[in-house]
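Below is one structure, written out as structure tokens, with a few remarks after it.
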Amino acid sequence: MTEKAVRSAPVSHSDIRQLIRSHLLTFSPAERRVADVVLSDSLELLDISVTELAERANTSAASVVRMCTSIGLRGYQELKTRLALEHVPVTHLNSDADGDGDNLTTTILRDFAAALRDTASTLDMASVNEVVTELLSAQRIQLAAVGTSAMLASDCAYRLSTLGLNVTYVADVHAQHIQARMLRETDLLFAISHTGSTFETLAAARAAKASGAKVVALTSFTRSPLTELCDRTIIAGSAETRIRVEAVTSRLVHLAVLDALHIMLKQQVPDVERYLQATADVLAEHRF
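Okay, so the sequence shown: first residue is 89 according to our numbering, each after it adds one.
Following this line, the structure appears as structure tokens:
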């Protein structure tokens with residue numbers, strides 16, 4: 089089997105660390121530093137972003153991604169997922185409860201409540217107020233998000249539009265990218281991303297910056313490729329990869345923060361009662 093074939097071979101859940109060790113001699117110096125950090129404390133990586141790993145390895149986020157792709161992974165998030173599956177058995181990914189429905193439900197709800205309490209005590213309200221100011225001053229607001237954040241962006245766009253703000257969100261990532269490039273200096277892109285390292289959301293953010301628009305974000309990690317692009321950021325979320333593959337708890341936290349933004353804007357948008365009444369009139373046509 090050729091080296092190229094080995095690098096592109098599927099990676100099983102149980103051999104990711106051994107696979108990294110087997111490629112140590114084929115890595116570039118930068119990739120080798122990344123690999124050394126991963127092998128030294130792989131469990132700690134579950135709670136840090138690609139930017140933070142790059143800093144620990146004294147290299148760039150691109151080198152982190154190259155190390156991952158050189159062993160057959162799609163990127164850093166897949167590396168974190170595979171490491172989580174090694175450390176936590178698949179049957180326990182959703183909870184540490186005994187497995188019956190009642191215990192699972194109770195544990196998950198307690199996780200959610202704990203995450204919301206933590207966010208309430210740690211959220212930087214100065215950053216929240218700054219984002220509110222940016223949203224109020226923008227002539228046009230575009231939401232950018234994919235995956236589990238897409239539903240949040242859609243809901244946020246709808247809620248802000250009921251306040252009379254000029255807000256758009258399209259689910260298609262190509263359309264997001266194009267519309268972001270069409271923004272003007274008076275406009276704003278609002279990105280929502282748990283990891284802050286999703287290719288499509290980053291593409292939209294870079295396009296908005298290139299057009300001269302402001303970029304703000306709601307994300308879970310203080311340091312990430314997305315935060316490096318932003319003018320303002322709200323950091324809210326939880327480290328949950330140890331027990332869940334998907335961003336479940338963080339999605340709930342982000343929804344709560346977006347609801348808070350909606351209420352804060354509702355108190356500050358000029359002539360907001362007129363827009364709320366128009367919304368109520370329209371909704372009344374759809375209800376018995």
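Think of the CB as a built atom: it goes at the ideal place given N, C-alpha and C, for glycine as much as any other residue.
Own chain, CB closer than 7 Å to Gly300, minus 5 neighbours either side, in chain order: By one-based count along the sequence shown, residue 300 stands at place 212. Around Gly300, the same chain offers Arg272 and Glu273 as residues with beta carbons nearer than 7 Å, after the five sequence neighbours per side are excluded.
Burial state of Met155, where buried means 16 or more other Cβ atoms lie within 10 Å: As a position in the sequence shown, residue 155 is number 67, starting the count at 1. Classification of Met155: buried, given that the 10 Å Cβ count is 16 or more.
Contacts around Val125, its chain only, beta-carbon distance under 7 Å, and the 5 residues preceding and following it disregarded: By 1-based counting over the sequence shown, the position of residue 125 is 37. Around Val125: Leu141, Arg144 and Ala145.
In the DSSP output, which residue or residues are listed as bridge partners for Thr147? The residue you call residue 147 lines up with position 59 of the sequence shown. Note: Thr147 sits in no beta bridge, so no partner.
Quick one: is Phe309 buried, meaning 16 or more other Cβ sit within 10 Å of its Cβ, or exposed? Start at 1 with the first residue of the sequence shown, and residue 309 comes out as number 221. Classification of Phe309: buried, given that the 10 Å Cβ count is 16 or more.
Considering only residues of the same chain and omitting the five flanking positions on each side of Ala348, which have a CB-CB separation below 8 Å? The sequence position of residue 348 within the sequence shown is 260, counting from 1. Closer than 8 Å at the Cβ level, and outside the excluded window around Ala348, lie Val216.
DSSP on Ser237, reduced to helix/strand/coil? Sequence index remark: in the sequence shown, residue 237 carries index 149 (1-based). In the structure shown, Ser237 sits in a helix (DSSP, three-state: H, G or I).
Report the CB separation of Phe337 from Phe200 in whole angstroms; it is logged as a contact under 8 Å. Taking the sequence shown and counting its residues from 1, one reaches residue 337 at position 249. Taking the sequence shown and counting its residues from 1, one reaches residue 200 at position 112. Correcting the residue identity first, residue 337 is Thr in this sequence and not Phe. Their Cβ separation, rounded to whole angstroms, is 6 Å, which keeps Thr337 and Phe200 in contact under 8 Å.
Taking the C-alpha atoms as reference points, what is the distance between Ala259 and Ser312? Residue mapping note: residue 259 aligns to position 171 of the sequence shown, counting from 1. Residue mapping note: residue 312 aligns to position 224 of the sequence shown, counting from 1. If you take the alpha carbons of Ala259 and Ser312, they lie about 23 Å apart.
Hey, would you say Ala245 sits closer than 7 Å to Val255, going by beta carbons? Position 157 of the sequence shown, counted from the start, is the residue given in the question as residue 245. Position 167 of the sequence shown, counted from the start, is the residue given in the question as residue 255. A contact, by the Cβ cut-off of 7 Å.
N-terminal and C-terminal residue of the beta strand (DSSP E) that Ile322 is part of: Within the sequence shown, the letter at position 234 stands for residue 322. Unbroken beta strand (DSSP E) run through Ile322: Arg320 to Ile323.
Could you tell me which uninterrupted alpha helix (DSSP H) segments, each at least 4 residues in length, are contained entirely in the stretch 276-312, listed from first to last along the chain? 287-299
When the Cα atoms are used, what is the spatial distance from Leu181 to His342? As a position in the sequence shown, residue 181 is number 93, starting the count at 1. As a position in the sequence shown, residue 342 is number 254, starting the count at 1. Note that Leu181 scores a pLDDT of 44, beneath 50, so its modelled location is shaky; the value from the coordinates is reported in the next line. When rounded, the distance between both Cα atoms is 21 Å.
Taking the alpha carbon of Ala268 as the point to measure from, which residue in Leu253, Leu290, Gln165 and Ser285 has its own alpha carbon closest? For this step, residue 268 is matched to residue 180 along the sequence shown. The shortest Cα separation from Ala268 among Leu253, Leu290, Gln165 and Ser285 belongs to Leu290.
Who are the Cβ neighbours of Leu353 in its own chain at under 8 Å, not counting the five residues just before and after it? The count along the sequence shown starts at 1 and reaches residue 353 at position 265. These residues qualify, in order along the chain: Val220, Leu223, Leu224, Leu248, Leu251 and Leu253.
Length of the line joining the Cα atoms of Asp212 and Arg109: On the sequence shown, residue 212 is found 124 positions in, with the first residue counted as 1. On the sequence shown, residue 109 is found 21 positions in, with the first residue counted as 1. When rounded, the distance between both Cα atoms is 41 Å.
Would you please state the rounded distance, in angstroms, between the beta carbons of Leu240 and Ala279? I believe it to be under 8 Å. As a first step, residue 240 must be located in the sequence shown, where it is residue number 152. As a first step, residue 279 must be located in the sequence shown, where it is residue number 191. At roughly 11 Å, the Cβ-Cβ gap does not stay under 8 Å, so Leu240 and Ala279 are not in contact.
Take the Cβ of Ala150 as the centre, count every other Cβ of all protein chains shown within 10 Å, and call the residue buried at 16 or more, exposed below. For this step, residue 150 is matched to residue 62 along the sequence shown. Ala150 should be labelled exposed.
Starting from Ile229, follow the alpha helix (DSSP H) in both directions and report where the run begins and ends. Locating residue 229 in the sequence shown gives position 141, where the first residue counts as 1. Where Ile229 is concerned, there is no enclosing alpha helix (DSSP H), although the beta strand (DSSP E) it sits in stretches over Ile229 to Ala232.
Put Val219 into one of helix, strand or coil per three-state DSSP. Counting from 1 along the sequence shown, the entry for residue 219 is found at position 131. Assignment of Val219 by DSSP, reduced to helix, strand and coil, places it in the helix class.
If we call anything under 7 Å between Cβ atoms a contact, is Ala226 one with Asp275? Mapped onto the sequence shown, residue 226 falls at position 138. Mapped onto the sequence shown, residue 275 falls at position 187. Result yes, Cβ atoms of Ala226 and Asp275 sit closer than 7 Å.
Run through DSSP, which three-state label would Thr258 get? By one-based count along the sequence shown, residue 258 stands at place 170. Rather than Thr, the amino acid found at residue 258 in this sequence is Val. In the structure shown, Val258 sits in coil (DSSP, three-state: anything other than H, G, I, E or B).
Cα-Cα, which of Asp359, Ser281 and Leu340 is closest to Ile196? In the sequence shown, the residue the question calls residue 196 occupies position 108. Of Asp359, Ser281 and Leu340, the residue nearest in Cα terms is Leu340.
Under DSSP, the alpha helix (DSSP H) around Thr337 begins and ends at which residues? Numbered from 1 along the sequence shown, position 249 holds the residue referred to as residue 337. From DSSP, the alpha helix (DSSP H) with Thr337 extends over Thr337 to Lys354.
Helix, strand or coil, according to DSSP, for Ile159 in the structure here? Against the sequence shown, residue 159 aligns to sequence position 71. It is coil, neither helix nor strand.
Inspect the beta-carbon positions of Val436 and Glu288 and report whether they are closer than 7 Å. With the chain represented from 89 up to 376, any question about residue 436 goes unanswered, as that position is not in the structure.
For Ser242, which of helix, strand or coil comes out of DSSP? As a position in the sequence shown, residue 242 is number 154, starting the count at 1. If DSSP states are grouped into helix, strand and coil, Ser242 belongs with the helices.
Status (buried if at least 16 other CB within 10 Å, exposed otherwise) for Ala324: Translated into the one-based positions of the sequence shown, residue 324 becomes position 236. Looking at its Cβ environment, which holds 16 or more other Cβ atoms inside 10 Å, Ala324 is buried.
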